[in-house]
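Below is one structure, written out as structure tokens, with a few remarks after it.
In our numbering, the protein residues as written are 1 to 259.
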């Protein structure tokens with residue numbers, strides 16, 4: 001009863017039900033194609049909730065979804081990924097921790113732009129299939145630079161997945177290894193996000209029950225996605241998801257510009 005009471009103190013019933021629906025869809029997409037849960041949740045929840053409350057809501061579901069993703073790999077495989085990509089993982093986690101502390105100081109309209117612009121740009125890049133190539137001798141520098149950007153984006157918006165995917169593709173990382181490294185980066189990054197927002201004031205005794213409540217639709221959605229993944233055309237489903245994200249992100253930008 002405490003969870004429902006605290007959630008109702010933050011928003012009306014219709015908004016709570018809408019948040020559950022958005023999380024269910026985000027979990028389904030994550031289970032079906034393995035990405036976009038934070039992007040869908042932050043762009044969807046920010047349409048009808050204060051951005052800070054939206055960020056608080058995604059924190060625990062992100063931790064859960066990434067734990068489930070990492071759990072599908074063995075401990076030895078995960079440790080190999082950590083050893084190879086430790087610089088990228090380190091800077092991502094540190095930047096998430098640091099940048100998360102500034103979330104509460106950002107004006108609402110500016111926040112809409114911070115949320116919307118990356119959603120639109122990163123979704124368009126993925127939709128168009130744009131790829132980059134990082135030469136071997138530039139790999140160490142790219143780890144620090146791209147990791148800094150990805151972590152800063154994660155600290156502000158709760159999503160650092162798209163830059164990570166683009167980075168791994170640019171390194172010409174084999175597909176199976178990409179999935180493993182993504183799981184490790186997302187898993188450790190989500191722990192940093194949780195720690196960062198416990199300190200920032202975003203995840204509090206008032207907002208944590210709302211985030212905890214969204215664990216249920218996130219879990220159910222992921223398992224539905226796992227079950228239906230074999231019946232879906234992943235390329236088409238990914239394309240539709242990205243188009244929806246572009247529209248949602250564009251609306252956030254509109255709200256940031258026009259108020």
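Where a beta carbon is used, it is the ideal one built from N, C-alpha and C, also for glycine.
Residue range of the unbroken alpha helix (DSSP H) whose run includes residue i
| i | result |
| --- | --- |
| residue 158 | Here residue 158 belongs to no alpha helix (DSSP H), and DSSP marks it neither H nor E. |
| residue 197 | 175-200 |
| residue 23 | 13-33 |
| residue 44 | 37-45 |
| residue 60 | 51-70 |
| residue 216 | 215-228 |
Same chain only: Cβ atoms within 6 Å of residue i, ignoring 5 sequence neighbours per side
| i | result |
| --- | --- |
| residue 123 | 242, 245, 246 |
| residue 62 | 38, 190 |
| residue 207 | 56 |
| residue 249 | 43, 116, 119, 120 |
| residue 70 | 183, 187 |
| residue 239 | none |
| residue 276 | Limits of the chain in this structure are 1 at one end and 259 at the other, which puts residue 276 out of reach. |
| residue 97 | 192, 196 |
DSSP three-state assignment for residue i, whether helix, strand or coil
| i | result |
| --- | --- |
| residue 143 | helix |
| residue 120 | helix |
| residue 95 | helix |
| residue 84 | helix |
| residue 90 | helix |
| residue 247 | helix |
| residue 76 | helix |
| residue 210 | helix |
| residue 130 | coil |
| residue 237 | helix |
| residue 111 | helix |
| residue 203 | coil |
| residue 163 | helix |
| residue 264 | There is simply no residue 264 to check, as the chain begins at 1 and stops at 259 in what is shown. |
| residue 149 | helix |
| residue 48 | coil |
8 Å Cβ shell around residue i - same chain, five flanking residues per side excluded
| i | result |
| --- | --- |
| residue 28 | 221, 222, 224, 225, 228 |
| residue 105 | none |
| residue 178 | 165, 168, 169 |
| residue 85 | 143, 181, 184, 185 |
| residue 72 | 183 |
| residue 204 | 56 |
| residue 110 | 256 |
| residue 15 | 48, 49 |
| residue 133 | 170, 172 |
Residue-chain proximity (residue i, chain C), Cβ-Cβ < 8 Å
| i | result |
| --- | --- |
| residue 222 | Although the question refers to chain C, the structure presented lacks it and comprises just one protein chain. |
Sequence-distant residues of its chain with Cβ nearer than 7 Å to residue i (five each side left out)
| i | result |
| --- | --- |
| residue 126 | 162, 242 |
| residue 279 | This structure leaves residue 279 out entirely; the chain is present only between 1 and 259. |
| residue 156 | 99, 103, 114 |
| residue 32 | 225, 228, 229, 232, 237 |
| residue 52 | 103, 104, 202 |
| residue 81 | 180, 181, 184 |
Proximity test, residue i beta-carbon vs the ligand PLP heavy atom, cut-off 7 Å
| i | result |
| --- | --- |
| residue 89 | Only the bare structure without any ligand can be found here, which leaves the ligand PLP out of the picture. |
ask   = Can we say the region 144-160 touches the region 81-92, given the rule of at least three CB pairs closer than 8 Å?
value = Output reads yes: the region 81-92 touches the region 144-160.
key: Cβ contact (3+ pairs, closer than 8 Å) linking the region 49-65 and the region 207-219   = With the cut-off at 8 Å, the region 49-65 and the region 207-219 touch.
ask   = Quick check: the region 246-257 against the region 34-54, are there 3 or more CB pairs under 8 Å?
value = The region 34-54 and the region 246-257 touch, with three or more beta-carbon pairs separated by less than 8 Å.
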